[in-house]
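Step one of this worksheet: look at the structure below.
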Amino acid sequence: MSEDVLFQLNGVGKSFVKGKEKISIFDDLNMSIERGDFVAIMGPSGSGKTTLLNMLGGVDQPTSGEIWFDGTRIDSLSESALTRWRAQNIGFIFQFYNLMPMLNAQRNVELPLLLTKLSKAQRRKNVETALALVGLSDRAKHMSSEMSGGQQQRVAIARAIVSDPKLILCDEPTGDLDRATADEILEMLQLLNRDHGKTIVMVTHDPAAAKYAKLTLHLDKGKFVQREIVA
Amino acid sequence: MGSLIAQIISVTLMNLGSLRRRLWMSLAMVLASAVVVAILLAFLAMAKGFEETMRGAGSSQIAILMREGSSTELNSVILQDQVNLITESAGVARDANGPLVSPELYVIVDGIKRSSGTEANIPLRGLNETGMAMRTNMRLTEGRMFVPGTNEMIVGEGVLREFSGFDIGSEVRFGKNLWKVVGVFSTGGNIFESELWADIKTIQSHYNRGSSYQSIRLQLDNDGGLASVKQTIAREPRLNLDAQTEREYFASQGKQLQYIATFGWVISAVMALGALAGALNTMYTSVADRAKEIATLRALGFSNFSAFCGTIAEAMVLAVAGGLLGSLAAYLFFDGLNTSTLGGSFTQVVFSFEMSPDLFLQGAILALVIGFVSGFFPAWRAARMPVIVAFRHAA
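Laid out in structure tokens, this is it:
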């Protein structure tokens with residue numbers, strides 16, 4: 001595996017049994033994601049794009065094949081090892097933000113840092129930096145209920161980058177936002193990729209969102225049917 | 001380790017912070033825990049109060065003698081010649097006036113309970129001057145001592161509290177005889193305060209007891225005094241008596257009402273099962289309500305153990321809050337509450353509910369058990385829920 005490759009999927013299959021029927025989502029999926037890439041995965045409902053994202057994030061396991069991340073095979077890790085791996089390597093951005101409603105923006109962003117050995121002062125500094133990067137320094141003490149959808153998603157982005165993960169996984173990050181706000185969020189992701197070198201994998205059904213990525217992969221019936229490099 | 005503790009604290013605070021979303025269910029759990037703890041404490045306070053009342057009456061330096069085989073004074077008979085024989089026994093303390101021996105009579109009279117207006121038995125004890133002197137913790141709190149040879153009596157503070165018609169100056173009719181209340185006495189809250197005291201000769205006369213008695217109290221001269229008295233009884237065939245210290249006697253009387261505490265635990269255990277059912281429902285609802293948050297935290301890298309501990313902690317906080325509420329209610333409503341119950345001699349024993357730190361501790365333990373058990377299985381579910389399932393569940 002090339003040193004530039006961050007993620008490598010070799011012959012990955014995923015199926016489950018429903019009643020007496022075996023349903024296959026992927027059969028023999030192969031892909032690689034390089035460091036510094038910004039990949040959009042598109043496809044119709046049921047094509048398996050969210051399942052693929054979950055497997056990349058270590059929250060779902062393949063039924064066959066191998067998943068390698070930065071030289072480590074992650075599909076054979078235990079639940080607790082995967083949890084630690086996620087904490088160290090992955091930042092998640094969800095469609096509905098998934099902020100803790102009882103915490104303010106600052107405390108939400110701090111959550112991943114509670115899993116590190118950083119001191120309280122260091123955590124506060126990192127949180128301030130992350131919030132400044134997403135332009136929400138003045139909203140640090142606000143609760144999520146006091147913020148717009150776009151602002152909440154920016155807090156979620158700050159939470160995803162605060163611990164400096166190697167990979168950011170986005171599940172329909174603009175699915176709950178209007179066009180203008182969605183563009184702001186996508187520009188922010190693009191900035192993180194372009195100026196800060198963050199590797200990003202984004203699942204979306206929105207072609208306009210996919211245009212912000214460097215590479216778009218079209219998934220249908222468990223297979224990549226099209227590969228599109230954005231100029 | 002530090003990270004794990006930070007995770008647990010953080011998850012616990014988030015769980016508690018989200019309680020507002022489940023306000024009524026959470027309050028129901030608090031209330032259920034409060035009721036169970038309050039009921040347990042009420043029973044334990046009752047048992048404790050009764051136990052203290054009985055224990056406070058007994059001295060290890062006083063022996064009580066009753067007819068062989070009699071378990072209470074009421075079914076004992078002692079004749080004058082037996083009193084004379086035991087008076088000369090070794091082991092009996094003496095003062096300037098002679099041996100410290102108190103033959104006593106114990107008859108039952110009727111009183112009207114203030115709480116229910118119904119009749120209940122009260123013991124009327126006949127005492128001589130020595131018997132009065134042997135009760136060193138007795139003091140008159142109102143009025144004066146009865147005059148021997150008259151129909152005067154003094155009443156215990158417990159009787160005055162629980163029964164009507166015994167105020168100082170009152171005249172009370174027992175059978176054909178009219179008695180006058182001339183004083184109120186205290187014996188430090190023990191069982192003697194549930195009695196009426198009068199001159200023994202007068203009672204013997206009014207109740208046709210001739211020169212018979214029902215018990216003898218002896219002041220023992222030293223720690224081996226009781227053994228000497230028992231040797232005298234064993235040697236003398238006319239003394240068909242049983243001897244024991246007053247402390248032993250009242251302890252055995254108190255034991256028969258120990259079922260109060262046992263009954264309290266049984267009732268509380270049954271109620272706790274009902275409370276647990278509700279609490280389990282509350283906690284399962286809590287886990288379902290927080291599924292999205294649990295999943296998100298797990299996705300961020302929080303351990304399943306922190307999800308487990310956070311849920312357990314939430315359950316225990318709710319149950320302990322209920323326990324505190326129940327303890328406070330029990331303290332406010334029951335501590336010092338006066339009541340009476342049927343004692344060993346078919347007479348009313350007046351006592352007060354008594355709350356104490358050890359009872360609060362038992363209440364706290366029960367609340368913690370309710371919290372732990374009601375939190376354990378939902379916490380297990382929260383911890384074992386695969387992150388992907390939690391995401392789907394939250395969707």
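Here the protein sequences line up with chains F and A, keeping their order. Numbering-wise, this note's numbering puts 158 at position 158 of the first sequence, and it's gapless, one number per residue. Numbering-wise, this note's numbering puts 325 at position 325 of the second sequence, and it's gapless, one number per residue. Glycine included, C-beta positions come from ideal geometry on N, C-alpha and C. These figures come from a predicted structure and were not determined experimentally.
- Glutamate 104 of chain A places its beta carbon 8 Å or farther from that of arginine 135 of chain A.
- Between leucine 111 of chain F and arginine 159 of chain F, the C-beta gap is smaller than 8 Å, which places the two residues in contact.
- Under a criterion of Cβ atoms nearer than 8 Å, the residues of chain F adjacent to serine 3 of chain A are, in order, Leu114, Leu115, Thr116, Lys117.
- Going by C-alpha positions, leucine 217 of chain F is about 6 Å away from phenylalanine 224 of chain F.
- Spatial neighbours of glycine 225 of chain A in its own chain (CB-CB distance under 6 Å, excluding positions within 5 residues in sequence) are listed in chain order as Gly91.
- Rounded to whole angstroms, the separation of the alpha carbons of arginine 86 of chain F and phenylalanine 26 of chain F is 23 Å.
- At the C-beta level, arginine 84 of chain F and glycine 310 of chain A stay beyond 8 Å of one another.
- Identification of chain A residues near serine 80 of chain F by a Cβ-Cβ cut-off of 9 Å yields Ser303, Asn304, Phe305, ordered along the chain.
- The straight-line gap separating the alpha-carbon atoms of aspartate 221 of chain A and valine 229 of chain A is approximately 10 Å.
- Note on glycine 175 of chain A: under 16 other CB atoms within 10 angstroms of its CB, so exposed under the neighbour-count rule.
- For glutamine 152 of chain F, the CB contacts under 7 Å within the same chain, skipping 5 residues up- and downstream, are Tyr97, Leu99, Ser144 in chain order.
- At least one beta carbon of chain A lies nearer than 8 Å to the beta carbon of valine 59 of chain F.
- Closer than 8 Å to the CB of phenylalanine 26 of chain F there is not a single CB belonging to chain A.
- Taking C-beta atoms as the reference points, proline 386 of chain A and serine 286 of chain A fail to come closer than 8 Å.
- Using a Cβ-Cβ cut-off of 7 Å, methionine 283 of chain A is close to nothing in chain F; its nearest Cβ partner there is about 18 Å away.
- Per DSSP, the beta-bridge partners of phenylalanine 38 of chain F are F:Ile200.
- By the Cβ criterion, the region 33-51 of chain A is in contact with the region 263-280 of chain A, since at least three pairs of Cβ atoms, one from each stretch, lie closer than 8 Å.
- One thing to note: leucine 127 of chain A has its Cβ no nearer than 8 Å to the Cβ of phenylalanine 185 of chain A.
- In this structure the region 58-74 of chain F does not lie against the region 118-136 of chain F, because fewer than three pairs of beta carbons, one per stretch, are closer than 8 Å.
- The C-alpha of threonine 53 of chain A lies about 28 Å from the C-alpha of valine 147 of chain A.
- Bridge pairing for cysteine 170 of chain F: F:Ile93, F:Met202 [DSSP].
- Within the same chain, Cβ atoms closer than 7 Å to the Cβ of alanine 367 of chain A are found at Ser33, Val37, Ala319, Val320, Gly322, Gly323, the five residues on either side in sequence being excluded.
- Methionine 134 of chain A carries a helical assignment under DSSP once its states are collapsed to helix, strand and coil.
- When only Cα atoms are considered, valine 266 of chain A and alanine 251 of chain A end up about 23 Å apart.
- With respect to the 8 Å criterion, isoleucine 185 of chain F and asparagine 193 of chain F are not classified as neighbours on the basis of their beta carbons.
- For the region 8-34 of chain A, residues whose beta-carbon sits nearer than 7 Å to a beta-carbon of chain F comprise Ser10, Met14, Gly17, Ser18.
- Annotation note: the region 213-283 of chain A contains the following uninterrupted beta strand (DSSP E) runs of length 3 or greater, listed N- to C-terminal: 215-219, 241-245.
- Of the candidates A:Ser268, A:Glu293, A:Val107, A:Val107 places its Cα closest to the Cα of histidine 206 of chain A.
- With a cutoff of 8 Å on beta-carbon distance, glycine 117 of chain A and glycine 143 of chain A are scored as not near each other.
- Excluding residues up to 5 positions away in sequence, Val184, Phe185, Ser186, Thr187, Phe192, Glu193, Ser194, Glu195, Leu196, Trp197, Val350 lie with their Cβ nearer than 8 Å to the Cβ of glycine 156 of chain A in the same chain.
- Here DSSP, grouped into helix, strand and coil, assigns leucine 40 of chain A to helix.
- Against valine 387 of chain A, the close residues of chain F are Val59, in the order they occur along the chain (beta-carbon pairs closer than 7 Å).
- Chain-ordered listing is empty here: chain F has no CB closer than 9 Å to the CB of glutamate 162 of chain A, the nearest sitting near 54 Å.
- Looking at the DSSP output, tyrosine 106 of chain A sits in a beta bridge with A:Arg125.
- Counted as a single uninterrupted DSSP element, the stretch harbouring isoleucine 157 of chain F is not any beta strand (DSSP E) but the alpha helix (DSSP H) occupying residues 149-161.
- Contact between glutamine 7 of chain A and serine 303 of chain A holds: CB atoms are separated by about 6 Å, below the 8 Å threshold.
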